[in-house]
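Data block below; observations after.
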Amino acid sequence: MARIAAIALCCSSAAALSSPAAGLQAQTAAPARAAVAAAPEPFLKDFTRPMSIPEEGIAAAVEVMRGGRLFRYCATSAETSQVAQAEKEFAAMVNQKYALGVNSCSSAIMLALMAVGVEPGDQVITNGFTFTALPSTIMRLGAEPVLVEATKSWIMDLDDLEKKIAAFPDAKVLLLSHMRGKVADMDRVVEICEKNGITLVEDCAHSCGVTWRGKQLGYHAKVTAYSTQSDKVINSGEGGFVTTDDDEIAAKMIYLSGCYERRYGKHAVRPPDDLCEVAMAEMPNLSCRMNEVTAAVMRPLIKNLPQRVEAYNRRYDAVVKVLREEAGDVIVVPTQDERVGTVGDHLNFYLTGVTDEQNALFRQTCVAMGVPVSWFQSKVNARWHVNWRKYGSPTFDLPNTDEVLRFAYDLKMPPYFDDEDFPAFAKVIAYASNVAAGKIE
């Protein structure tokens, strides 16, 4: 009853909205009299639960626990190691020579930056719209993040990238995040990096299954990081991979991750022994290895990712269809470059033609009706650069990014929902946007 009362309160307050305050986003003309429309049913399913682990993964994890060999180097060989085999399978999936399993994507990014030579005092160029782990990791290495504006397509603004390279000529590494699987023009990114002597590192935390020109995203970079944290399309709780085609970098990262002595022999995909011997002598040990249970849990999800991508995209398309048909003049869903093969595991959109008051009413209505949309410009959202000022970047003035995020939203697309659930919650979002915009009452 409390939820229904909240819905009534949110919907009735739309009529009380005044004209936009000065300086707010330009408005679309409101009708003289709002139409009356029946509210859709509140959505009652839980968006917060991660995907379940396949029975094959559960059985493999239990077998590891019964045997006691939870530490990757306790395995008798690379062939019997869950981590080593997961690395082999992941490398094949992303079409890279080497993959290294680690305990998080943040660790993967840290190893990548260290392996390409980032040192204390360096400047690293990265997205102004991404997750807090990126500037955090740069800061952890004693380096300084240089932030680049985002476009309305939620990708890095490559014109601003060129401006930042010119303004910070000592920066020689670009850590490029494909936030929520949104991909910039990679042909141009590579051209810019090559022209300016910039080493490219890709953050594909949100991009397992996403392709560029038909190939898994990440192959443009010297090193690429991926995530298998529970909110991603491969769920191991915590975890990640770092990939490369470079023999020397692979050897460095194996030892940075926590290999010691000559245990590189227990890696199924590894560089030549002589490079591993050099890395053993030169690299510090940061102990961020992946464990055997984590690898056992995720291996079935690596294998069946192509089938799950098809389901994600089919359901995503159903949601977007409803939003465009029922609220296309209020809700904008960013489109991607035709060279991108997408994975619709998150719904991302922004409102247009509304005030800040109406924006707040939209959120309240969605949440009251059971759809917990996440607003990127919340004061606690870890993806809004304003909340990163503790990291000391000299480039926190990002007005374009602020305007993009001002009306921007995110929502998980739970794989355990039924097909009919997706248009159902889309109708709630469409209804809430129309109520907020004063189009219905």
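The opening residue of the sequence shown carries number 1478 in our numbering; numbering runs sequentially from there.
Ideal Cβ placement from N, Cα and C applies to all residues, glycine included.
Remember, it's a predicted structure, so these values are computed and weren't measured experimentally.
Exposed unless 16 or more other CB atoms sit within 10 angstroms - verdict on residue 1686: buried
Expected contact under 8 Å - CB spacing of residue 1803 and residue 1907 to nearest Å: 4 Å
Check whether residue 1845 and residue 1519 have beta carbons under 9 Å apart: yes
Separation of residue 1863 from residue 1856, as counted between CA atoms: 8 Å
Counterpart residues of residue 1810 in DSSP-defined beta bridges: Paired residue(s): none; residue 1810 is not in a bridge.
Three-state secondary structure (DSSP) of residue 1818: strand
Cβ-based neighbour list, residue 1617, same chain, cut-off 7 Å, excluding 5 preceding and 5 following: 1587
Entirely enclosed beta strand (DSSP E) segments - the segment 1632-1672, minimum 3 residues: 1650-1654
First and last residue of the uninterrupted beta strand (DSSP E) at residue 1718: 1717-1721
Whole-angstrom distance between residue 1776 and residue 1532, CA atom to CA atom: 11 Å
Bridge partner(s) assigned by DSSP for residue 1680: 1654 and 1702
Contact under 9 Å by Cβ, residue 1726 with residue 1699: yes
Range covered by the beta strand (DSSP E) that runs through residue 1622: 1621-1625
Three-state secondary structure (DSSP) of residue 1829: coil
Supposed close pair residue 1657, residue 1683 - CB separation, criterion 8 Å: 5 Å
Counted within 10 angstroms of its Cβ, other Cβ atoms place residue 1489 as buried (16 or more) or exposed: A caution first: residue 1489 carries a pLDDT of 43, below 50, which makes its placement in the model unreliable, though a value can still be read off. Exposed.
Environment of residue 1738 [buried if 16+ CB atoms lie within 10 Å]: exposed
Sufficient close CB pairs (3 or more, under 8 Å) joining the segment 1760-1776 to the segment 1704-1721: yes
Selection from 1806, 1524 and 1610 that minimises the alpha carbon distance to residue 1859: 1610
Environment of residue 1793 [buried if 16+ CB atoms lie within 10 Å]: buried
Inter-residue spacing [alpha-carbon to alpha-carbon] between residue 1820 and residue 1797: 14 Å
Sufficient close CB pairs (3 or more, under 8 Å) joining the segment 1750-1768 to the segment 1544-1563: yes
Proximity to residue 1811 [Cα-Cα], best of 1522, 1620, 1659 and 1654: 1659
Cβ-Cβ distance between residue 1799 and residue 1891 below 9 Å: no
Closest residue to residue 1875 among 1624, 1564, 1566 and 1529 (Cα-Cα distance): 1624
Whole-angstrom C-beta distance between residue 1878 and residue 1567, which should lie under 8 Å: With 8 Å as the limit, residue 1567 and residue 1878 do not qualify as a contact, their Cβ atoms being about 32 Å apart.
Identity of the residues DSSP links to residue 1602 by a beta bridge: 1623 and 1651
Simplified DSSP assignment, three categories, for residue 1526: coil
Entirely enclosed alpha helix (DSSP H) segments - the segment 1857-1917, minimum 4 residues: 1876-1883 and 1898-1913
Cβ contact check for the segment 1817-1831 and the segment 1882-1896: 3 or more pairs under 8 Å: yes
CA-to-CA distance, residue 1597 to residue 1577, given in whole angstroms: 24 Å
First and last residue of the uninterrupted alpha helix (DSSP H) at residue 1611: 1610-1617
Beta-carbon proximity check, residue 1955 vs residue 1688, cutoff 9 Å: Nothing can be reported for residue 1955, as the shown portion of the chain is limited to 1478 through 1918.
For residue 1578, the three-state DSSP class (helix, strand or coil): strand
Where residue 1841 sits in the DSSP three-state scheme: helix
Rounded C-alpha distance that separates residue 1816 from residue 1654: 17 Å
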